[in-house]
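*Asks:*
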Amino acid sequence: MTGLETFAELLARVGASQGAAALVSEEELSRWPATAVRVLKSQKLLVRASPAASVVCPGCEQECTMPVHTLPARHRQGASFVVCDKRDDINRVAVPAERLRQWRCGAEAVCAFIAQSLGLRPESHRSIGAGLWELGIVAGNKRSQMLCLRANGELELVAGDNSVPLAELVRDGAGSYGVDNARVRQLVDTATTGDSRYTPSNARREARKLETQALRERWRKEYRALKKRRSGMSDVWYSQQIARMGIAESRSAETIRKHMKG
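Residues 13 to 274 (our numbering) are what the sequence shown spells out, left to right.
1) Let me check one thing: in DSSP terms, what residues is V49 bridge-paired to?
2) What does the Cβ neighbour count give for A109, buried or exposed, with the cut at 16 atoms within 10 Å?
3) Alpha carbon to alpha carbon, how far is A142 from R43?
4) Quick one: what's N174 bridged to in DSSP?
5) Let me check one thing: in DSSP terms, what residues is P79 bridge-paired to?
6) List, from N- to C-terminal side, the beta strand (DSSP E) runs of 3 residues or more that fit wholly inside the stretch 104 to 143.
7) Hey, could you find the ends of the alpha helix (DSSP H) G27 is sitting in?
8) Is the CB-CB distance between N164 and A203 below 7 Å?
9) Should R133 go down as buried or exposed, given a rule of 16 or more other Cβ atoms within 10 Å for buried?
10) Counting only the same chain and skipping the five closest in sequence on each side, list residues whose C-beta sits under 8 Å from that of S246.
11) Determine the contact status of A119 and G31, defining contact as a CB-CB distance below 7 Å.
12) Which same chain residues end up closer than 8 Å to S208 when comparing Cβ atoms and leaving out the 5 residues on each side of it in sequence?
13) Just verifying my parser: in three-state terms, what is the DSSP assignment at G190?
14) In terms of residues, what are the limits of the beta strand (DSSP E) holding S156?
15) Classify A215: buried if its beta carbon has 16 or more other beta carbons within 10 angstroms, exposed otherwise.
16) Can you grab the Cα-Cα spacing for the pair N193 / S129, in whole Å?
17) In terms of DSSP beta bridges, what is D97 paired with?
18) Cα separation between R220 and E180?
19) Whole angstroms is fine: what's the gap from A91's alpha carbon to E17's?
20) In chain order, what residues of the same chain lie with their CB nearer than 6 Å to the CB of P63, ignoring the 5 residues before and after it?
21) Since I believe A265 is in contact with S251 (beta carbons under 8 Å), could you give me their beta-carbon distance rounded to a whole number of angstroms?
22) Classify W44 as helix, strand or coil using the three-state DSSP reduction.
This is the structure:
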């Protein structure tokens with residue numbers, strides 16, 4: 013996975029969460045390119061989050077997701093565990109502290125990143141509705157237009173009736189990520205003005221929604237087929253199998269897990 017692919021994966025998770033914070037475990041980060049992770053942290057696109065409240069139990073091969081219990085601070089460090097209620101030969105399973113460490117990225121961090129890349133005032137971005145943030149006025153070569161970030165299954169930059177997936181505009185610079193200013197100016201110049209500046213055409217939005225629904229239905233169909241062939245496995249296991257298939261379309265196992273049972 014390249015640095016840009018790593019960043020695109022992070023943006024996809026925030027988009028799938030409708031702008032809410034996406035969480036990435038320390039264990040998963042260790043499998044991402046080290047340079048990309050270092051840059052994402054330095055640009056505050058990944059910040060330390062509270063310890064995970066649930067983990068995949070390490071007690072057996074079933075990989076069940078279980079809530080974590082942690083003893084009060086007066087007890088020895090690392091006294092976190094899960095309690096297995098699936099098998100008679102397993103009860104309390106210790107969970108190392110490093111397995112609970114996780115990092116977060118949300119829409120506010122992405123807005124700050126875009127504002128810095130485009131030279132907008134950091135305080136200019138604000139939420140104006142569910143899944144929509146104003147970033148500020150951006151000047152193109154022909155006109156100026158309000159630029160917005162929208163989370164609607166994916167993160168998009170919106171100007172007038174035009175929108176572009178944010179991941180397509182990210183560039184990898186010398187030790188940092190940024191947004192392609194020329195592409196943003198082109199987005200602004202080709203946008204219409206007026207009240208429709210925040211909302212792309214209904215036809216395009218509905219087509220995108222139908223594509224997303226069809227993709228998730230393919231995940232659900234494969235999930236049901238896997239359960240018939242391998243019953244009793246955890247949801248994490250099923251989502252990981254689907255993530256390796258073409259129908260995943262580069263979505264993460266965590267994103268698939270959230271929608272494969274809907």
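Cβ atoms here follow ideal geometry from the backbone N, Cα and C, with glycine treated the same way.
*Replies:* Quick answer:
1) As a first step, residue 49 is located in the sequence shown; it is residue number 37 there, counting from the start. According to DSSP, V49 bridges with nothing at all.
2) Here residue 109 refers to the residue found at position 97 when the sequence shown is read from its first residue. Classification of A109: exposed, given that the 10 Å Cβ count is below 16.
3) To locate residue 142, count along the sequence shown from 1; it is residue 130. To locate residue 43, count along the sequence shown from 1; it is residue 31. Rounded to the nearest angstrom, the two C-alpha atoms are 33 Å apart.
4) For the purposes of this step, residue 174 is taken as residue 162 along the sequence shown, with counting starting at 1. BP columns for N174 point to A171.
5) For the purposes of this step, residue 79 is identified with residue 67 of the sequence shown, where counting begins at 1. S66, per the DSSP bridge assignment.
6) 104 to 106, 114 to 117, 138 to 141
7) As a working note, residue 27 is residue 15 in the sequence shown. Start and end: 15 to 28.
8) Along the sequence shown, read from residue 1 onward, the residue named residue 164 stands at position 152. Along the sequence shown, read from residue 1 onward, the residue named residue 203 stands at position 191. Contact flag unset, no.
9) In the sequence shown, residue 133 corresponds to position 121, counting from 1. Exposed, since its Cβ has fewer than 16 Cβ neighbours within 10 Å.
10) Counted from its first residue, the sequence shown places residue 246 at position 234. For S246, where only same-chain residues beyond five positions count, the Cβ hits under 8 Å are V68, Q74, E75, C76, T77.
11) Within the sequence shown, residue 119 is the residue found at index 107, counting from 1. Within the sequence shown, residue 31 is the residue found at index 19, counting from 1. Yes, these two residues count as a Cβ contact at 7 Å.
12) Here the question's residue 208 lines up with position 196 in the sequence shown. Only weak support is given to the placement of S208: the predicted model assigns it a pLDDT of 47, under 50, and the value that follows is read from those uncertain coordinates. These residues qualify, in order along the chain: G172, D173.
13) Working through the sequence shown from its first residue, we reach residue 190 at position 178. G190: strand per DSSP, three-state reduction.
14) Walking along the sequence shown from the start, residue 156 turns up at place 144. Counting along the chain, the beta strand (DSSP E) containing S156 begins and ends at 156 to 163.
15) For the purposes of this step, residue 215 is taken as residue 203 along the sequence shown, with counting starting at 1. For A215, the predicted model reports a pLDDT of 49, less than 50, meaning its position is unreliable and no value from the coordinates is stated.
16) Working through the sequence shown from its first residue, we reach residue 193 at position 181. Working through the sequence shown from its first residue, we reach residue 129 at position 117. Roughly 8 Å separates the two Cα atoms.
17) Locating residue 97 in the sequence shown gives position 85, counting from the first residue. Per DSSP, none; premise fails for D97.
18) Your numbering for residue 220 matches position 208 in the sequence shown. Your numbering for residue 180 matches position 168 in the sequence shown. Cα to Cα, the separation comes out at about 16 Å.
19) Mapped onto the sequence shown, residue 91 falls at position 79. Mapped onto the sequence shown, residue 17 falls at position 5. Each residue's alpha carbon lies about 36 Å from the other.
20) Here residue 63 refers to the residue found at position 51 of the sequence shown. Within the same chain, P63 has close Cβ partners L112.
21) Here residue 251 is taken as the residue at index 239 of the sequence shown, counted from 1. Here residue 265 is taken as the residue at index 253 of the sequence shown, counted from 1. 4 Å between Cβ atoms; contact.
22) Residue 44 sits at position 32 when you count from the first residue of the sequence shown. Coil.
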